[in-house]
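For the record, the sequence lines run as chains Z and B.
First residue of the first sequence? That's 1 in UniProt numbering, and the numbers climb one at a time after it.
First residue of the second sequence? That's 1 in UniProt numbering, and the numbers climb one at a time after it.
For each residue, glycine too, the CB sits at the ideal point set by N, CA and C.
First up is the structure itself, then whatever we jot down about it.
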Amino acid sequence: MSATSSTDTELAARAVNVHKVYGTGDAQVAALRGVDVDLRRGQFTAIMGPSGSGKSTLMHCLAGLDTVSEGDVYVADMKVNGMSDKELTALRRDRIGFIFQQFNLLPMLTAEENILLPLAIAGRKPSPEWLAKVIETVGLSDRLGHRPTELSGGQQQRVACARALVSQPEVIFADEPTGNLDSRAGAEVLKFLRDSVRTLGQTIVMVTHDPNAASYADRVVFFADGHVVSEITEPTADAVLDMMKKIDTLEKVA
Amino acid sequence: MFKATLKSVLSRKLRLLLSGLAVVLGVTFVSGAFVLQDTLGRSFDAQFAGAYDDIDLQVAAKARVSGSAGDAASAPVGLDAATVRRVADVPGVGKADGDIRVEGARALGKDGKVVPSTGGPRYGKGWTGETSLLALRKGHAPAKPDEVAINAGLAEKGHFSVGDSIGVLTGQPKRSFTVAGIFGYSGDRDSIGGEQTVAFTEPVARELMLGHNGQYSAISVDLASGAKSATVKAALKKELGSGFEVRTGEELSKASADRSREILDLVTQVLLGFAAVAVLVGVFLIINTFSIIIAQRMRELALLRALGASRRQMIGSVLLESLVIGLVAAVIGLGLGVGLGALGASLLAGTIKGLEVADLAVPANAVVVSLVVGVGVTMLAALFPALRAAKVAPIAVIRSAVAPDRKHRKQTWTGSVLLVLGAALLVMGLAGSGDAAMSAVLPGVLLTFIGVTLLTPLISRPAVWLLGGLFSRSLPGQLGRRNSARNPRRTAITASALMIGVALVTTLSTVAASAKDSVNNEISDKLKSQLVAMGDSGDSMSASIDPAALRQARGVDGVEAVAAASFDTAKVGKDTQSVSSWEDWGAARGMLSLRAEAGSIDELAPGSVLMNKATAKDRDLKVGDKVTVQLQRGEPRSYRLAGTFEDMALANSVVIPWADATEGFRNAQPSQAFFELAADASVASVQPGIEKALRDSPEVTVQSKDAIAQKFNDGFDMMLNLVQALLAVAMIIAVLGIVNTLALSVMERTKELGALRAIGLGRGQTIRMIMTESVVISLFGAVLGVVVGAGLGLAVAHSMRSQGVNTLSLPWSLMAVYLVGAAIVGALASLGPARRGARLNVLRAVTQE
Ligand SMILES: Nc1ncnc2c1ncn2[C@@H]1O[C@H](COP(=O)(O)OP(=O)(O)OP(=O)(O)O)[C@@H](O)[C@H]1O
Ligand SMILES: [Mg+2]
Numbered sequence: 001m002s003a004t005s006s007t008d009t010e011l012a013a014r015a016v017n018v019h020k021v022y023g024t025g026d027a028q029v030a031a032l033r034g035v036d037v038d039l040r041r042g043q044f045t046a047i048m049g050p051s052g053s054g055k056s057t058l059m060h061c062l063a064g065l066d067t068v069s070e071g072d073v074y075v076a077d078m079k080v081n082g083m084s085d086k087e088l089t090a091l092r093r094d095r096i097g098f099i100f101q102q103f104n105l106l107p108m109l110t111a112e113e114n115i116l117l118p119l120a121i122a123g124r125k126p127s128p129e130w131l132a133k134v135i136e137t138v139g140l141s142d143r144l145g146h147r148p149t150e151l152s153g154g155q156q157q158r159v160a161c162a163r164a165l166v167s168q169p170e171v172i173f174a175d176e177p178t179g180n181l182d183s184r185a186g187a188e189v190l191k192f193l194r195d196s197v198r199t200l201g202q203t204i205v206m207v208t209h210d211p212n213a214a215s216y217a218d219r220v221v222f223f224a225d226g227h228v229v230s231e232i233t234e235p236t237a238d239a240v241l242d243m244m245k246k247i248d249t250l251e252k253v254a
Numbered sequence: 001m002f003k004a005t006l007k008s009v010l011s012r013k014l015r016l017l018l019s020g021l022a023v024v025l026g027v028t029f030v031s032g033a034f035v036l037q038d039t040l041g042r043s044f045d046a047q048f049a050g051a052y053d054d055i056d057l058q059v060a061a062k063a064r065v066s067g068s069a070g071d072a073a074s075a076p077v078g079l080d081a082a083t084v085r086r087v088a089d090v091p092g093v094g095k096a097d098g099d100i101r102v103e104g105a106r107a108l109g110k111d112g113k114v115v116p117s118t119g120g121p122r123y124g125k126g127w128t129g130e131t132s133l134l135a136l137r138k139g140h141a142p143a144k145p146d147e148v149a150i151n152a153g154l155a156e157k158g159h160f161s162v163g164d165s166i167g168v169l170t171g172q173p174k175r176s177f178t179v180a181g182i183f184g185y186s187g188d189r190d191s192i193g194g195e196q197t198v199a200f201t202e203p204v205a206r207e208l209m210l211g212h213n214g215q216y217s218a219i220s221v222d223l224a225s226g227a228k229s230a231t232v233k234a235a236l237k238k239e240l241g242s243g244f245e246v247r248t249g250e251e252l253s254k255a256s257a258d259r260s261r262e263i264l265d266l267v268t269q270v271l272l273g274f275a276a277v278a279v280l281v282g283v284f285l286i287i288n289t290f291s292i293i294i295a296q297r298m299r300e301l302a303l304l305r306a307l308g309a310s311r312r313q314m315i316g317s318v319l320l321e322s323l324v325i326g327l328v329a330a331v332i333g334l335g336l337g338v339g340l341g342a343l344g345a346s347l348l349a350g351t352i353k354g355l356e357v358a359d360l361a362v363p364a365n366a367v368v369v370s371l372v373v374g375v376g377v378t379m380l381a382a383l384f385p386a387l388r389a390a391k392v393a394p395i396a397v398i399r400s401a402v403a404p405d406r407k408h409r410k411q412t413w414t415g416s417v418l419l420v421l422g423a424a425l426l427v428m429g430l431a432g433s434g435d436a437a438m439s440a441v442l443p444g445v446l447l448t449f450i451g452v453t454l455l456t457p458l459i460s461r462p463a464v465w466l467l468g469g470l471f472s473r474s475l476p477g478q479l480g481r482r483n484s485a486r487n488p489r490r491t492a493i494t495a496s497a498l499m500i501g502v503a504l505v506t507t508l509s510t511v512a513a514s515a516k517d518s519v520n521n522e523i524s525d526k527l528k529s530q531l532v533a534m535g536d537s538g539d540s541m542s543a544s545i546d547p548a549a550l551r552q553a554r555g556v557d558g559v560e561a562v563a564a565a566s567f568d569t570a571k572v573g574k575d576t577q578s579v580s581s582w583e584d585w586g587a588a589r590g591m592l593s594l595r596a597e598a599g600s601i602d603e604l605a606p607g608s609v610l611m612n613k614a615t616a617k618d619r620d621l622k623v624g625d626k627v628t629v630q631l632q633r634g635e636p637r638s639y640r641l642a643g644t645f646e647d648m649a650l651a652n653s654v655v656i657p658w659a660d661a662t663e664g665f666r667n668a669q670p671s672q673a674f675f676e677l678a679a680d681a682s683v684a685s686v687q688p689g690i691e692k693a694l695r696d697s698p699e700v701t702v703q704s705k706d707a708i709a710q711k712f713n714d715g716f717d718m719m720l721n722l723v724q725a726l727l728a729v730a731m732i733i734a735v736l737g738i739v740n741t742l743a744l745s746v747m748e749r750t751k752e753l754g755a756l757r758a759i760g761l762g763r764g765q766t767i768r769m770i771m772t773e774s775v776v777i778s779l780f781g782a783v784l785g786v787v788v789g790a791g792l793g794l795a796v797a798h799s800m801r802s803q804g805v806n807t808l809s810l811p812w813s814l815m816a817v818y819l820v821g822a823a824i825v826g827a828l829a830s831l832g833p834a835r836r837g838a839r840l841n842v843l844r845a846v847t848q849e
């Protein structure tokens, strides 16, 4: 089963028949075995699947953090595989945003400085309106001067989200962004992500294990054993849960 | 536990290797010094073995002035024939012969200059025939007053053969002789310990070497058959009393060897100085390494504690680790040190005529000291981090791995106390005089350093912040600046390692700059003589000018006045110190622009002395006081202090009336002469005339004022060069420290770096960020060092007023060079870690747990 769709200009990122093999010989692991995914602009996509099914690997390949063994990866209309380190750096700086499970904020910088870091690295000035909008959406206006250690996990993750948003990247990759948060803080972050898609037109791809989290997305892509096995649009938590069970039984049968 | 420790050592090879390197360097210098001393020491022993075989016992009168000047500088006290008879009458003495052998006969080569040293003393002796030790190789014994025999070493160095004419300088002006014979020593030696000997006929030797003060310089005793050396020695001592020394041939050999070893002491001291710096800086490096390792392993350690490991076990494990490193470093250092010692020994031996380098051996003390220094220092330095490791609470397993930097109130206290103590010792040492005071300076400096280091974390955050401002224009610079301010303690210790080296050099540079400026100011402002004749070596006592030639120079057209001076050491009160005398005090006073400070210095009447202000203060003397002066020859005399003058480097000392000096100084001839020219005479027109007059006094050269100033400057510059080599050693180690710290920081921040790279920080930017951190830390250390060093240097320079340092100057340009050098060093040190940071696998870095 594949998840292809209409014209290229609407696509923020795309994976075409991507294979990824780790290791050699006996220790060989095929993490991705021919994955085709299209990620449309302005869409909030969730990726789900059992542990070890290759979700993170796909994200890493899409973001140019890891190389593919076979197939092609595109961000906007640029082919990511085959780029030099310099090009990859520029790609990450200008076109891609990251949200990590561990927040990965810089401890010596304040929240605001962390948010502005991608722009500072690129040597760009933030447009004041955009910045105000982002900060308002994250809801951290009174916490901007604080250091990461002085913020709660949820707040830190929202700073990380703002950091990913501020440079208006083509696509934001979030690998289990709520994995380290309790349900309330997680809900705040997810709401924020959904809002940024709805109101700011951002494209976001999120890996999650939580059907509830997935229900915030516009579309859920299901992974198993290095393949895309199914997808749901306009998901509800129940629909996601059902699908997960189905995949589980399928796997057991297989 | 042992196995776990060993594993942990091996897993952090590189880092430990870096910190171990400092210890290796320290041990290398220490063991190198010992090996050098041992090897050359044995070479000298072998060289002098048998040098006095022909003598059973030797009797000599004790020198009148001894002490700091040592044997070489003291004039021999002559013995008369009556003493020889007294010695001969002592039971057990078979034969007693008077000998003349005194240091100070300088042979002139064919170019008219003194034959260069062959590494040993220059003796003048009275020929007493061949012995079992000494035999003629060519020609015959000196028989006429104008004949001499010389040793083969001197003949070779000066290219003399039998029949040549040879000029010799002694206590009297140049005399010419004919080389009648050339002699060598048993064992086919050309020279013993690089000595040069001119053997005159006895009456000539008596005149030239003893100046008719007695008949002999020593008495050689042959024992009667069956007499025991020790018994006769005791009997001689009893007969002659305390004014005499009685030594066996063996003791004499040993004394000669010991004297030759003195040049070794200097080399040894330099090496030990290097070792001290290496070790001192190394201590900081080791403390830092272990602190960081422990900070990194906080979780692991806490887990161990949670699993029930006791504090003792934790300390033991860290100490065991340091023991292993110390041991390995000591062994490597010892190996390198043996090489260094061997190299040094062969280089040094090359400068000494006829010295055969003894077989290389590793003396036991080198091994012991290497191990003690290597292991001791490493373990001591690891102790503090170990104690801290033991304090890790089991709860830290759950808490964040990197503990926040707490305020260390205890450390601040200790630092303050040590700093105050160090400063007090310094003040005490610098204000006082004598050896006791000087020995307070070293611990004072050490305590000051440690104190400053302990206090450094307090200022490191703001200081680094300020310095980092230099780089805050670009983003990598900003990030680097912040990173360097993140861990003030670590930054402080790393910077301290650099601080010590820079501080030491700045201290000495400041002292040198002050001394240089003092001399230069005096020469340009006060010295009225446009031409000066003085020896080439800085030693004011090592040259002599023929008084007759000087009279001739006074008659040269355009010479207005001449002030000639002679210098010596004497016992003034209880202390040995430099004394001077001027042939024409009035002229000297004018030419040196001396101004009275108390009493009158217009005249130097018989029975009175003058001195500079600082010397009077040191000796606690006031105008009108009596002071006893024992010159090299004659009986002690009591003088009245008639006046004191303002300090002036060229004149600072106790000034004795000329008449007394000609009798009492070792060398009655002047060693320096100052020429004042007539108003209408030019230096260029007068200089050749004076040079011509002084052509038979080749030990001095006639120089302009500027050349003299330049010569002083060159002397200081040479010292500075040596000091800068010291800095290089300290820098190398400090660089290791910076590399170490940075490498660890990069490792610690892998995740952060990964995140930065993931959001688009380029490789170049990453490198610049890490480089900035490094440069900021090094600059911090250098600034600290320059400030501390300048302070110390000014204090030391201030304390040297009595030595004529009356201008305090800071070596601005050198200080700037040290700062720039530190910045460069910092940049270089960051290359490795920065490369690693830039090459980081981004994916692995961000996904790491
Ligand atoms: N660096 C690597 N070297 C070898 N194998 C790897 C590596 N990274 C991932 N794998 C393997 O690839 C497969 C997919 O891993 P991936 O991390 O993409 O799974 P995931 O779907 O993200 O799982 P989870 O939900 O647990 O995060 C797994 O079998 C994993 O063991
Ligand atoms: Mg994953």
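Gly-148 (chain B) to Ala-180 (chain B) span [Cα, whole Å]:
As a position in the second sequence, residue 148 (chain B) is number 148, starting the count at 1. As a position in the second sequence, residue 180 (chain B) is number 180, starting the count at 1. Note that residue 148 (chain B) is Val in the sequence shown here, rather than Gly. Take the alpha-carbon of Val-148 (chain B) and the one of Ala-180 (chain B): they are about 6 angstroms apart.
Bridge partners for Leu-641 (chain B) per DSSP, in chain order?
Working through the second sequence from its first residue, we reach residue 641 (chain B) at position 641. The partner list for Leu-641 (chain B) (beta bridge, DSSP) reads B:Val-609.
Indicate whether at least one CB of chain Z lies closer than 8 angstroms to the CB of Gln-765 (chain B).
For the purposes of this step, residue 765 (chain B) is taken as residue 765 along the second sequence, with counting starting at 1. For Gln-765 (chain B), the answer is yes, since a Cβ of chain Z falls inside 8 angstroms of its Cβ.
From the DSSP output, which residues share a beta bridge with Tyr-74 (chain Z)?
For the purposes of this step, residue 74 (chain Z) is identified with residue 74 of the first sequence, where counting begins at 1. Z:Arg-14, Z:Lys-79, per the DSSP bridge assignment.
Quick one: is Tyr-22 (chain Z) buried, meaning 16 or more other Cβ sit within 10 Å of its Cβ, or exposed?
As a working mapping, residue 22 (chain Z) is identified with position 22 in the first sequence. When all chains shown are included, Tyr-22 (chain Z) counts as exposed.
For Gly-97 (chain Z), the first and last residue of its enclosing beta strand (DSSP E)
Translated into the one-based positions of the first sequence, residue 97 (chain Z) becomes position 97. First-last of the beta strand (DSSP E) with Gly-97 (chain Z): 96-99.
Does at least one heavy atom of ligand 1 sit under 7 angstroms from the Cβ of Ala-46 (chain Z)?
One-based indexing of the first sequence puts residue 46 (chain Z) at position 46. In terms of side-chain proximity, the C-beta atom of Ala-46 (chain Z) is found no nearer than 7 angstroms to any non-hydrogen atom of ligand 1.
Inter-stretch contact (C-beta, 8 angstroms, three-pair minimum) for the region 199-214 of chain Z and the region 166-180 of chain Z
yes
Taking any Cβ of chain Z, which residues in the UniProt domain "ABC3 transporter permease C-terminal" (726-841) of chain B have a Cβ under 8 angstroms from it, in chain order?
Correct list: Lys-751, Glu-752, Gly-754, Ala-755, Leu-756, Arg-757, Ala-758, Ile-759, Gly-760, Leu-761, Gly-762, Arg-763, Gln-765.
Indicate, with yes or no, if ligand 1 has a heavy atom lying under 7 angstroms from the CB of Tyr-22 (chain Z).
As a working mapping, residue 22 (chain Z) is identified with position 22 in the first sequence. Yes, the Cβ of Tyr-22 (chain Z) comes within 7 angstroms of a heavy atom of ligand 1.
Closer than 7 angstroms by beta-carbon distance: list the chain B residues that pair up with Pro-148 (chain Z), in chain order.
Start at 1 with the first residue of the first sequence, and residue 148 (chain Z) comes out as number 148. In chain order: nothing, as chain B lies at least about 11 angstroms away.
In this structure, does DSSP put Trp-413 (chain B) in helix, strand or coil?
For the purposes of this step, residue 413 (chain B) is taken as residue 413 along the second sequence, with counting starting at 1. Three-state result, Trp-413 (chain B): helix.
Is there a Cβ from chain Z that is less than 8 angstroms from the Cβ of Arg-482 (chain B)?
Residue mapping note: residue 482 (chain B) aligns to position 482 of the second sequence, counting from 1. Arg-482 (chain B) counts as touching chain Z.
So which of Z:Ala-31, Z:Phe-100, Z:His-209 has the shortest CA-CA distance to Ala-162 (chain Z)?
Residue mapping note: residue 162 (chain Z) aligns to position 162 of the first sequence, counting from 1. The shortest C-alpha separation from Ala-162 (chain Z) is found at Z:Phe-100.
Just to be sure I understand the criterion: a residue counts if its Cβ is closer than 7 angstroms to at least one heavy atom of ligand 2. Which residues meet that?
Z:Lys-55, Z:Ser-56, Z:Asp-175, Z:Glu-176, Z:Val-207
With distances taken between CB atoms, is the gap from His-227 (chain Z) to Arg-33 (chain Z) smaller than 8 angstroms?
Numbered from 1 along the first sequence, position 227 holds the residue referred to as residue 227 (chain Z). Numbered from 1 along the first sequence, position 33 holds the residue referred to as residue 33 (chain Z). Contact: yes.
Starting from Ile-315 (chain B), trace the alpha helix (DSSP H) both ways and give me its first and last residue.
Here residue 315 (chain B) is taken as the residue at index 315 of the second sequence, counted from 1. Segment 311-350, the alpha helix (DSSP H) holding Ile-315 (chain B).
Looking at chain B, which residues of the region 72-86 of chain Z have a Cβ within less than 8 angstroms of any of its Cβ atoms?
Asp-85, Lys-86
Who are the neighbours of Arg-486 (chain B) on chain Z, taking C-beta pairs under 9 angstroms?
Counted from its first residue, the second sequence places residue 486 (chain B) at position 486. The contacting residues are Pro-107, Met-108.
Identify each residue in the region 43-66 of chain Z for which the Cβ-Cβ distance to at least one residue of chain B is less than 7 angstroms, and report them in chain order.
Result list: His-60, Leu-65, Asp-66.
Given a threshold of 16 other Cβ atoms within 10 Å of its Cβ, counted over all protein chains shown, does Trp-585 (chain B) qualify as buried or as exposed?
The residue labelled residue 585 (chain B) in the question sits at position 585 within the second sequence. Counting of Cβ neighbours within 10 angstroms places Trp-585 (chain B) among the buried residues, the total reaching 16 or more.
Return yes when at least one heavy atom of ligand 3 lies under 7 angstroms from the C-beta of Val-68 (chain Z), else no.
This structure simply doesn't include ligand 3; it includes ligand 1 and ligand 2 instead.
State yes or no: is the C-beta of Arg-137 (chain B) within less than 8 angstroms of the C-beta of Gly-184 (chain B)?
Locating residue 137 (chain B) in the second sequence gives position 137, where the first residue counts as 1. Locating residue 184 (chain B) in the second sequence gives position 184, where the first residue counts as 1. Going by C-beta atoms, Arg-137 (chain B) is nearer than 8 angstroms to Gly-184 (chain B).
Tell me the DSSP bridge mates of Trp-582 (chain B)?
Taking the second sequence and counting its residues from 1, one reaches residue 582 (chain B) at position 582. Paired residue(s): B:Ala-565.
Check whether chain B comes within 8 angstroms of Gln-168 (chain Z), counting only Cβ atoms and requiring the distance to be less than that.
Along the first sequence, read from residue 1 onward, the residue named residue 168 (chain Z) stands at position 168. Taking CB atoms only, Gln-168 (chain Z) has no neighbour in chain B less than 8 angstroms away.
Beta-carbon proximity of Ala-503 (chain B) to Leu-792 (chain B), cut-off 8 angstroms:
Here the question's residue 503 (chain B) lines up with position 503 in the second sequence. Here the question's residue 792 (chain B) lines up with position 792 in the second sequence. Contact flag set, yes.
On a Cα-Cα basis, can you pick out the residue from B:Ala-81, B:Arg-175, B:Ser-685 that is closest to Ser-217 (chain B)?
Numbered from its first residue, the second sequence carries residue 217 (chain B) at position 217. Of the candidates B:Ala-81, B:Arg-175, B:Ser-685, the one whose C-alpha sits nearest the C-alpha of Ser-217 (chain B) is B:Ala-81.
Short of 8 angstroms Cβ to Cβ, which residues in the region 459-474 of chain B face chain Z?
none
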